[in-house]
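For reference, the structure is listed below as structure tokens.
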Amino acid sequence: MTTEKSAHGLEAQDQGAAALVVSLSSSPHESNESLNAKPPPPKDRGRDAYMFLASCCVLEAVVWGLPFTYGVFNDYYSTHGPFDGSSNLAIVGTCSLGMLYLDLPIVFAVVQAYKRYIRAACALGIFIMGISLAASSFATNVTHLIITQGILYGLGGSISYSTCLILLSDWYDKRKGIAFGIMLGGTGVGGTILPIVTERLLQSYDFRTTLRALAIAIVVLSSAFVYYMKPRVAPPANPPPIRSQVRVRFMKTGAFVALQLANTLQGLGFFLPSLYLPMYARSIGASQSVGALTVVAYNIASVLGCVLMGIVIDRWHVTTCCLACAVGSSISIFLLWGFSNTLPPVFIFAVLYGVFAGAWVATWSGMVKAVQRSETTADASTILAWISTGRGLGNVISGPLSEALLREDHWKGVLAYGYGSGYGVLIVFTGITAALSGSCVLGRQLGYFK
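Numbering-wise, our numbering comes out as the position in the sequence shown, counting from 1, plus 2.
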């Protein structure tokens, strides 16, 4: 009997031990389930959404601020060794911007497929930007600058910037237009600070020291905000393959064709004023420091333009917004830049052009919605990537084209004001492309938009 009790006791102990083992082994699983069951942060509001948007603004300022400051570098390179007298200097700036736009469809597809590593992608892009600027400080000819400060910087910037665009739809829905406009305003902030800092560094030191200092500053400042570049909802452990991320049926819709054509035309001339205004200002008697301020004025105004467009794009039809940008920017080009031979009209032009032309990119959220109404299965990030490609194509073409236009300008000394300054053909070309960017409104009249 004692033996039977002992057996029962041992059996009870074994059952208790087994229950304890099951309890201990299941606790982490249950804990993970409870963590996974925790509701994600809210969209459009809350600390996480606001910190994400603030981080996007900083990255926007860093990634885009330097290409939009290239007009200061262009003016310096054209008058200082070892690049003074070199042709194709404008291509450095247009390649930088062009790469930022052109490779986004590929970058988007890869980052979307490996979304759980999105912070690492952001950090990688920042690292490439820093390396590219450091490498460009050793350049001895324009080709070196095109490869480093142009192509390589654009590649790093597109990788880093893609994380902002991909995650924006995670964090914002009803206020996406406003959030997009605020984020784009970061470009103006960076473009306001960087021209002043860059011009001071170039005057005090040389381009090599300036580029190295900017490389360090960009890496340090951007890295502090990588933490907040995270998905609102944890991505799946086994995401779909990259091929499934590429759906381009929307490209056959009339809405996309009309908007992309307008977008590419706008990109052909968009970058040229900020690229050549410092040189133009110097040609009418301004110093290099004052010439750099034209870029500052343009970039400050673009902040206002992006924010205002971010507000109205959620209320007006996208073609109406595009037409407003086209009319405002083309009038400012033809009447102010074209008839300027003193600094006040140049600065007024920089401000008005910044407001209207700078606001164009804030229409992209409206373009995405318009295309999705025609093709409901289209992914917003993919549409945005291809819209960026259209503008990038225009930017890349505008570099060598602008150099050719300046060489073939035969109006100098024949016409008056800006049209006879040696920049006349460039001014007319920029104005025409700005005006034609409003052509998408015809697509609405033809019934391309739902």
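For glycine and all other residues, C-beta sits at the position ideal for the given N, C-alpha and C.
For residue i, three-class secondary structure by DSSP
i	result
Y425	coil
L448	coil
M231	coil
K254	helix
L263	helix
T379	coil
A418	coil
L288	The question names Leu, yet the displayed sequence has Ala at residue 288. The answer is coil: DSSP assigns A288 none of H, G, I, E or B.
G2	The first residue shown for the chain is 3 and the last is 452, placing residue 2 beyond what the model contains.
A236	coil
N90	coil
N301	helix
S439	helix
I434	helix
R118	helix
G73	helix
S202	The amino acid at residue 202 is misidentified as Ser; the sequence shows Arg. Three-state DSSP puts R202 in a helix.
I413	The displayed chain sequence assigns Trp, not Ile, to residue 413. Of the three classes helix, strand and coil, the one that applies to W413 here is coil, per DSSP.
G132	helix
F336	helix
S342	coil
P347	helix
Start and end residues, alpha helix (DSSP H) containing residue i
i	result
A217	209-225
S332	320-333
W66	49-67
S276	274-285
R409	382-409
I315	Note, I315: premise wrong, no alpha helix (DSSP H); not H, not E.
S80	First-last for S80: undefined, no H or E at that position.
P41	From DSSP, P41 is part of no alpha helix (DSSP H); its letter is neither H nor E.
F110	106-115
Mind the definition here: the region 178-195 touches the region 100-107 only if three or more C-beta pairs lie below 8 Å; say whether that holds. no
What runs of the alpha helix (DSSP H), each 4 residues or longer, lie entirely inside the region 136-196? 144-147, 155-173
My parser needs the alpha helix (DSSP H) runs of 4 or more residues fully inside the region 352-376; what are they? 366-376
If we count Cβ pairs, one from each stretch, closer than 8 Å, do we get three or more for the region 406-418 versus the region 115-126? no
Determine contact between the region 281-294 and the region 64-83, defined as no fewer than three beta-carbon pairs at a distance below 8 Å. yes
Closer than 8 Å is the cut-off here; do at least three beta carbon pairs connect the region 433-443 with the region 328-341? yes
Three or more C-beta pairs closer than 8 Å, one from the region 227-234 and one from the region 363-370: is that the case here? no
Answer yes if the region 51-60 comes into contact with the region 208-228, meaning at least three C-beta pairs across the two stretches below 8 Å, and no otherwise. yes
Tell me, please, whether the region 415-430 touches the region 332-340 by the rule of three or more beta-carbon pairs shorter than 8 Å. yes
For the pair the region 316-326 and the region 296-306, tell me if three or more CB-CB distances fall below 8 Å. no
Check whether the region 347-358 touches the region 165-176, counting contact only when three or more Cβ pairs, one atom from each stretch, lie closer than 8 Å. no
Can you confirm whether the region 85-96 touches the region 260-270 when touching is taken to mean that 3 or more C-beta pairs between the two stretches lie within less than 8 Å? no
Report yes or no: do three or more beta-carbon pairs, one from the region 282-297 and one from the region 191-201, lie closer than 8 Å? yes
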